[in-house]
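Peer 1: In full-length UniProt numbering, the protein residues as written are 764 to 1038. Just so it is clear, CB atoms sit at the ideal spot from N, CA and C, and this is done for glycine as well. Sharing a structure with you now.
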Amino acid sequence: AKDEGRGICRYYEPGMDSLVQGKQLLRADLRKALGRGELSLAFQPLMNFATGRVGAMEALLRWTHPQHGPISPDEFIPLAEETGVIVPLGAWVLHEACLAAATWPEEITVSVNLSPVQFRRHGLVEAVEASLKASGLEASRLQLEVTETVLMQNVADELEVLHALRRLGVRIAMDDFGTGYSSLSYLRTFPFDNIKIDRSFIADMSRNAQTNAIVRAVVELGQSLGVTTTAEGVENRQQMQELRAMGCHAGQGFLFSPPVPGSEVLALIERLGTE
Ligand code: C2E
Ligand code: CA
Ligand code: CA
Ligand code: CA
């Protein structure tokens, strides 16, 4: 904490040192987590509104700490990014997600989150290629989700990686659309295949006419760009009906299913497809 003070003298905050220490311990544990089998993937369906069936499954990383139990990815992903451990972790996620998807019905795609840190290191394109090859999964059945922070620094290099990934035949989605400062300019910089509208907009859509208008405009923007739109965090029927009426392509959220362990995916696909 003292190092982070940037020369500003702060009063002593009790508990701060233990928080920092806790983070350091967690960082060290995370480095070993993969080898110890503490990591797993959960999958959450993206429902295609036109067919009413599962169109894709998003892979979400899970860490069950031997002492602390489940730790949220919002907590450990940033630690993994700080230490660079996200690179081997991310490669593992890609590999496992492709292996899993290869056992699903052919029309179902798998969507994998990529960290900006993975873009800054060499070997991402090779890692994606290796996962496709090892699993035998068609490239068109893999979608990679990136947030706009991926294009924030050193844009030229990251853009080249995005284009190289696209050349492999995978789909590229812009995640958490609308939460950053320049979502629109990134749409101009790179032709994404799918826009995932951040769940904060969906949550507010039914109460706030302005938010509703923004979501509608994003869906229309997608339509005129030839880009599909997916709504995140769909929690009730009203939201689903409004989104469908707007022409949004797909929805993801607790209304359909929470993320489930890999072993439950096939049963879930069956259940959702026949409801
Ligand atoms: P995300 O990519 O935006 O993933 C969606 C998150 O929203 C997931 O949280 C999911 O459980 C949650 N969610 C889904 N439906 C609903 C809903 O209806 N309501 C609400 N309130 N939440 C919903 P999760 O699994 O805790 O993941 C959090 C974040 O951690 C992800 O946000 C993503 O940014 C990151 N993450 C997860 N797995 C990975 C990974 O393998 N690699 C990287 N780089 N990041 C990951
Ligand atoms: Ca995501
Ligand atoms: Ca998201
Ligand atoms: Ca998010």
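Identify every residue that forms a DSSP beta bridge with Phe-940.
Peer 2: Phe-940 is bridged to Ile-960.
Peer 1: What whole-angstrom Cβ distance do Ile-871 and Ala-819 have, given they're in contact under 8 angstroms?
Peer 2: About 6 angstroms; that satisfies the 8 angstroms criterion.
Peer 1: Please classify Thr-814 as buried or exposed, where buried requires at least 16 neighbouring CB atoms within 10 angstroms.
Peer 2: Exposed, because fewer than 16 other Cβ atoms sit within 10 Å of the Cβ of Thr-814.
Peer 1: Any heavy atom of ligand 1 inside 6 angstroms of the beta-carbon of Pro-1024?
Peer 2: Result no, Cβ not under 6 angstroms from ligand 1.
Peer 1: Does DSSP put Arg-934 in a helix, in a strand, or in coil?
Peer 2: Looking at Arg-934 - three-state DSSP - the assignment turns out to be strand.
Peer 1: Quick check: is any heavy atom of ligand 1 less than 6 angstroms from the C-beta of Ser-878?
Peer 2: Yes, the Cβ of Ser-878 comes within 6 angstroms of a heavy atom of ligand 1.
Peer 1: Do three or more CB pairs link the region 898 to 909 to the region 834 to 842 at distances below 8 angstroms?
Peer 2: Short answer: they don't touch.
Peer 1: Taking the alpha-carbon of Leu-895 as reference, which of Gln-973, Asn-975, Ala-966 and Ala-854 has the nearest alpha-carbon?
Peer 2: Measuring from the Cα of Leu-895, the nearest candidate turns out to be Ala-854.
Peer 1: In or out: Tyr-949 buried (at least 16 other Cβ within 10 Å) or exposed?
Peer 2: Buried is the call here.
Peer 1: Taking Cβ positions, are Ser-874 and Glu-911 nearer each other than 7 angstroms?
Peer 2: Cβ atoms of Ser-874 and Glu-911: not closer than 7 angstroms.
Peer 1: For ligand 3, any of its heavy atoms closer than 6 angstroms to the Cβ of Asp-967?
Peer 2: For ligand 3, not one heavy atom lies less than 6 angstroms from the Cβ of Asp-967.
Peer 1: Can you give me the Cβ contacts of Val-848 inside the same chain, cut-off strictly under 7 angstroms, excluding the 5 residues immediately before and after it?
Peer 2: Closer than 7 angstroms at the Cβ level, and outside the excluded window around Val-848, lie Leu-793 and Arg-794.
Peer 1: Does the beta-carbon of Glu-995, which I'm using as the reference point, lie nearer than 6 angstroms to any heavy atom of ligand 3?
Peer 2: Yes, ligand 3 has a heavy atom inside 6 angstroms of this Cβ.
Peer 1: Of all the options Gly-941, Gln-830, Pro-868 and Leu-852, which has the alpha carbon lying nearest to the alpha carbon of Phe-964?
Peer 2: Checked all of Gly-941, Gln-830, Pro-868 and Leu-852; the closest Cα to Phe-964 is Gly-941.
Peer 1: Which full runs of the alpha helix (DSSP H) of 4+ residues lie inside the region 839 to 870, going along the chain?
Peer 2: Segments of the alpha helix (DSSP H) lying fully in the region 839 to 870: 849 to 864.
Peer 1: Which class does Leu-950 belong to by DSSP, given the choice of helix, strand or coil?
Peer 2: Of the three classes helix, strand and coil, the one that applies to Leu-950 here is helix, per DSSP.
Peer 1: Please classify Pro-808: is it buried, with 16 or more other beta-carbons within 10 angstroms of its beta-carbon, or exposed?
Peer 2: So Pro-808 counts as buried.
Peer 1: Within its chain, find whatever has a CB closer than 6 angstroms to the CB of Cys-772; leave out the 5 residues flanking it on each side and keep chain order.
Peer 2: For Cys-772, the predicted model reports a pLDDT of 41, less than 50, meaning its position is unreliable and no value from the coordinates is stated.
Peer 1: Would His-885 be called buried (16 or more neighbouring beta carbons within 10 Å of its own) or exposed?
Peer 2: Label assigned to His-885: exposed.
Peer 1: With a threshold of 6 angstroms, establish whether the CB of Glu-908 neighbours any heavy atom of ligand 2.
Peer 2: Result yes, Cβ under 6 angstroms from ligand 2.
Peer 1: Could you tell me whether the region 980 to 990 touches the region 1014 to 1033, using the rule of 3 or more Cβ pairs below 8 angstroms?
Peer 2: With the cut-off at 8 angstroms, the region 980 to 990 and the region 1014 to 1033 do not touch.
Peer 1: Which whole-angstrom value is the C-beta distance of Gly-1025 and Leu-804, which I expect to be below 8 angstroms?
Peer 2: Indeed, because the Cβ distance is near 6 angstroms, the residues count as touching under 8 angstroms.
Peer 1: Alpha carbon to alpha carbon, how far is Glu-801 from His-831? Give it in angstroms, no decimals.
Peer 2: Distance between the alpha carbons of His-831 and Glu-801 is about 12 angstroms.
Peer 1: Within a Cβ cutoff of 6 angstroms, which residues of the same chain sit near Ile-1032, ignoring the five residues on either side of it in sequence?
Peer 2: Answer for Ile-1032: Val-817, listed in chain order.
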